[in-house]
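Encoded as structure tokens, the structure appears first; notes follow it.
Residue numbers (our numbering), protein chains in the order written: chain Y, 1 to 227; chain A, 1001 to 1268.
Below, the structure is given as structure tokens:
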């Protein structure tokens, strides 16, 4: 099997180094995408990021990536949002009032019941339903979190919820619908289980590719890492 | 439930891990990426690299070490020591660090905390506070004495006269997402953490507090959390010299009822 081509969207607010390295470690062919052209030829799109929604949305707009990324997700093509990349799927964020991608009905709100804030460290991800993203990972396994806000799906979007985590109150820590996946934690910083999850996500993208949607030839991607 | 973290600290000088007592008398402890990988396999929840190189050449070496480490170790990495600007912080993050710890430069120019948090987010900004216990007499009644802590800078060599508790609150208000609190009195002495210092700071801020300075054994980690209110506990020499394994420390914490992340031992 040829390596799955993953485009990591560069909106200027991510630790792109660690997500790139972790995807390379699970066998993906990783490229940074800062323009719409650089999404072409990718089998899977990863939207990473930490920090606030407004600057990330501003950068996506400036790079004319909002339309292509929304279309990609609306078309149910393989997608993984990480941390801020998950929060951007919702309608908007209370952090700075930004309007976000409006894929999942709901808002990103403060973890107001949290005893410590930001929520930093390893915490348990408890499944609400089974999903192949968590194949080979124990229910309640620890993943690394770094955030103060989290997306809260509206009641109509509760079928997106895959897992929840508790810090004071509980919040949604993993979502999925079709080939669209999102996690609030950082799999690229969550040791062996994190690499297993990324490997599952890449494998699911490859499966999707086999069912049609033959990947187009790679075009103009910028290699993110060598060696 | 959020786990309390155990964090090995690697003091790096000119490309090697070193550890001294009270920031002097440095002893060579090994190759940084090798030690980092060992700790990750043994269950470290996070790693801290502190650059204590005196010379500027040490900085390029450090970035190269961070890069080599981040490529093979998939747990969070914090880098501190000698970061004075947003650009220097960017270089460290680009090398693969997740967080940067600011110390002397933040005391010299507190707006640096706000600038770094605005660009990279509070979660990437750790403010390191080196504190030394002082007894202050009441100016109105010299028979009354109160215990407090002064902030030291330049690797614990220079007093600032700044009150550690006040500085902790100011740093958080400016955008620090985490505080790394080191007792200079205890650092390298294996006399246990200064839990009064930790308690004073952890009860006055909402951000996580990392305890540092003085770990001798697993019981000290327990008391840093239970008595000091620390969210994470950092140590160097007891891990480097294999006096205690990370697993033993975590087992003691778990036995005391503290939530920790237990990791299956990896076969060598």
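Glycine is no exception: its CB is placed at the ideal position from the N, C-alpha and C atoms. These numbers come from a predicted model, not from an experiment.
Would you kindly report the start and end of the unbroken alpha helix (DSSP H) that includes residue 7 (chain Y)?
-> Position 7 of the first chain, counted from the first residue, corresponds to residue 7 (chain Y). First-last for residue 7 (chain Y): 5–9, but that is the beta strand (DSSP E), not the alpha helix (DSSP H).
Verify the CB distance criterion: does residue 1226 (chain A) have a CB-CB separation below 7 Å to chain Y?
-> As a working note, residue 1226 (chain A) is residue 226 in the second chain. No, residue 1226 (chain A) lies away from the interface with chain Y (no Cβ there is under 7 Å from its Cβ).
Assigned exposure category for residue 1021 (chain A) - 16 Cβ within 10 Å defines buried = Taking the first residue of the second chain as position 1, residue 1021 (chain A) is located at position 21. Below a pLDDT of 50, predicted positions are generally treated as unreliable, and residue 1021 (chain A), at 47, falls in that range; no measurement from the model is reported.
How long is the line joining the alpha carbons of residue 1004 (chain A) and residue 41 (chain Y), rounded to whole angstroms?
-> Your numbering for residue 1004 (chain A) matches position 4 in the second chain. Your numbering for residue 41 (chain Y) matches position 41 in the first chain. Taking the straight line from one Cα to the other gives about 43 Å.
Alpha-carbon to alpha-carbon, residue 1215 (chain A) and residue 1221 (chain A) | Along the second chain, one-based indexing puts residue 1221 (chain A) at 221. Along the second chain, one-based indexing puts residue 1215 (chain A) at 215. In a straight line, the C-alpha of residue 1221 (chain A) is about 7 Å away from that of residue 1215 (chain A).
Using the C-alpha atoms, what's the distance from residue 1143 (chain A) back to residue 1261 (chain A)?
-> Numbered from 1 along the second chain, position 261 holds the residue referred to as residue 1261 (chain A). Numbered from 1 along the second chain, position 143 holds the residue referred to as residue 1143 (chain A). Answer to the nearest angstrom: the Cα atoms are 48 Å apart.
Is the Cβ-Cβ distance between residue 201 (chain Y) and residue 80 (chain Y) less than 7 Å?
-> Walking along the first chain from the start, residue 201 (chain Y) turns up at place 201. Walking along the first chain from the start, residue 80 (chain Y) turns up at place 80. Closer than 7 Å, so yes.
Report the neighbours of residue 1122 (chain A) on chain Y: residues whose CB is nearer than 7 Å to its CB, in chain order.
-> Taking the first residue of the second chain as position 1, residue 1122 (chain A) is located at position 122. Chain Y residues near residue 1122 (chain A): 118.
Would you please verify whether the beta carbon of residue 167 (chain Y) is less than 7 Å from any beta carbon of chain A?
-> The residue you call residue 167 (chain Y) lines up with position 167 of the first chain. So, interface residue.
Is it a yes or a no for the stretch 42–56 of chain Y touching the stretch 83–91 of chain Y, going by three-plus beta-carbon pairs under 8 Å?
-> yes
For the putative contact between residue 175 (chain Y) and residue 182 (chain Y), defined by C-beta atoms under 8 Å, what is the C-beta separation to the nearest angstrom?
-> Counting from 1 along the first chain, the entry for residue 175 (chain Y) is found at position 175. Counting from 1 along the first chain, the entry for residue 182 (chain Y) is found at position 182. Contact holds; Cβ gap of about 4 Å.
Smallest Cα separation from residue 122 (chain Y): which of Y:114, Y:137, Y:141?
-> Walking along the first chain from the start, residue 122 (chain Y) turns up at place 122. Comparing Cα-Cα distances from residue 122 (chain Y) to each of Y:114, Y:137, Y:141, the minimum goes to Y:141.
Under the criterion of a Cβ to heavy atom distance below 6 Å, does residue 4 (chain Y) qualify as lining the ligand ADP?
-> The ligand ADP is not among the ligands present in this structure, which contains no ligands whatsoever.
Three-state secondary structure (DSSP) at residue 120 (chain Y)?
-> One-based indexing of the first chain puts residue 120 (chain Y) at position 120. Residue 120 (chain Y) falls in the strand class under three-state DSSP.
Rounded to whole angstroms, how far is the Cβ of residue 1155 (chain A) from the Cβ of residue 1052 (chain A), which I believe are closer than 8 Å?
-> Counting from one through the second chain, the residue named residue 1155 (chain A) turns up at place 155. Counting from one through the second chain, the residue named residue 1052 (chain A) turns up at place 52. The C-beta distance from residue 1155 (chain A) to residue 1052 (chain A) rounds to 6 Å, short enough to meet the 8 Å contact threshold.
In its own chain, which residues sit with a C-beta less than 6 Å from the C-beta of residue 1258 (chain A), not counting the 5 before and 5 after it?
-> Numbered from its first residue, the second chain carries residue 1258 (chain A) at position 258. Non-local C-beta neighbours of residue 1258 (chain A) in its own chain, meaning closer than 6 Å and more than five positions away in sequence, comprise 1004, 1225, ordered along the chain.
Rounded to a whole number of angstroms, what is the C-alpha to C-alpha distance between residue 1008 (chain A) and residue 1079 (chain A)?
-> Taking the first residue of the second chain as position 1, residue 1008 (chain A) is located at position 8. Taking the first residue of the second chain as position 1, residue 1079 (chain A) is located at position 79. Cα to Cα, residue 1008 (chain A) sits roughly 12 Å from residue 1079 (chain A).
Unbroken beta strand (DSSP E) runs of length 3 or more, entirely within the stretch 1069–1098 of chain A: which are they?
-> 1077–1080
Mind reading off the beta-carbon distance from residue 1097 (chain A) to residue 1066 (chain A)? Whole number of angstroms is fine, and I expect it under 8 Å.
-> Position 97 of the second chain, counted from the start, is the residue given in the question as residue 1097 (chain A). Position 66 of the second chain, counted from the start, is the residue given in the question as residue 1066 (chain A). With 8 Å as the limit, residue 1097 (chain A) and residue 1066 (chain A) qualify as a contact, their Cβ atoms being about 6 Å apart.
Give the DSSP-derived three-state secondary structure of residue 187 (chain Y) in the structure shown.
-> Here residue 187 (chain Y) refers to the residue found at position 187 when the first chain is read from its first residue. Residue 187 (chain Y): helix per DSSP, three-state reduction.
contact_flag[the stretch 89–104 of chain Y, the stretch 50–69 of chain Y] where n(CB pairs < 8 Å) is 3 or more = yes
Closer than 9 Å, Cβ to Cβ, to anything on chain A: give me those residues from the stretch 171–190 of chain Y, in chain order.
-> 186, 187, 188, 189, 190
Checking contacts by CB at 7 Å: is residue 201 (chain Y) closer than that to chain A?
-> Walking along the first chain from the start, residue 201 (chain Y) turns up at place 201. Not one chain A Cβ lies under 7 Å of residue 201 (chain Y).
Helix, strand or coil at residue 1210 (chain A) [DSSP, three-state] = Counting from 1 along the second chain, the entry for residue 1210 (chain A) is found at position 210. Three-state DSSP puts residue 1210 (chain A) in a strand.
Closest by CA to residue 1169 (chain A), which one among A:1137, A:1139, A:1207?
-> In the second chain, the residue the question calls residue 1169 (chain A) occupies position 169. Answer by Cα proximity: A:1207.
Output yes if chain Y places a C-beta closer than 7 Å to the C-beta of residue 1179 (chain A); else output no.
-> To locate residue 1179 (chain A), count along the second chain from 1; it is residue 179. It does not: the Cβ of residue 1179 (chain A) has no partner Cβ on chain Y nearer than 7 Å.
Measure from the alpha carbon of residue 1076 (chain A) to the alpha carbon of each residue in A:1087, A:1045, A:1174, A:1141, then state which is nearest.
-> Within the second chain, the letter at position 76 stands for residue 1076 (chain A). The shortest C-alpha separation from residue 1076 (chain A) is found at A:1045.
Of the residues that make up the stretch 1182–1211 of chain A, which ones have a beta carbon closer than 8 Å to any beta carbon in chain Y?
-> Of all residues in the stretch 1182–1211 of chain A, those with a C-beta nearer than 8 Å to a C-beta of chain Y are 1206, 1207, 1208, reading in chain order.
C-alpha gap between residue 946 (chain A) and residue 180 (chain Y), whole angstroms | Outside the shown range of chain A, which is 1001 to 1268, sits residue 946 (chain A), and nothing can be said about it.
With a threshold of 16 other CB atoms inside 10 Å of the CB of residue 196 (chain Y), please say whether the residue is buried or exposed.
-> Taking the first residue of the first chain as position 1, residue 196 (chain Y) is located at position 196. Burial call: buried.
Can you find a CB in chain Y that lies within less than 7 Å of the CB of residue 1174 (chain A)?
-> Counting from one through the second chain, the residue named residue 1174 (chain A) turns up at place 174. Interface with chain Y (7 Å Cβ-Cβ cutoff): residue 1174 (chain A) is excluded.
Where in the stretch 1092–1133 of chain A do unbroken runs of the alpha helix (DSSP H), each at least 4 residues long, occur, reported from the N-terminal end onward?
-> 1104–1108, 1111–1120
According to DSSP, which residues form a beta bridge with residue 1149 (chain A)?
-> For the purposes of this step, residue 1149 (chain A) is identified with residue 149 of the second chain, where counting begins at 1. Partner(s): A:1133.
Determine the DSSP secondary structure at residue 1287 (chain A), reduced to helix, strand or coil.
-> Examination of residue 1287 (chain A) is not possible in this model, given that chain A is present from 1001 through 1268 alone.
Within the stretch 63–144 of chain Y, ranges of the beta strand (DSSP E) (whole runs, at least 3 residues) = DSSP runs (the beta strand (DSSP E)) wholly in the stretch 63–144 of chain Y: 79–82, 106–110, 119–124.
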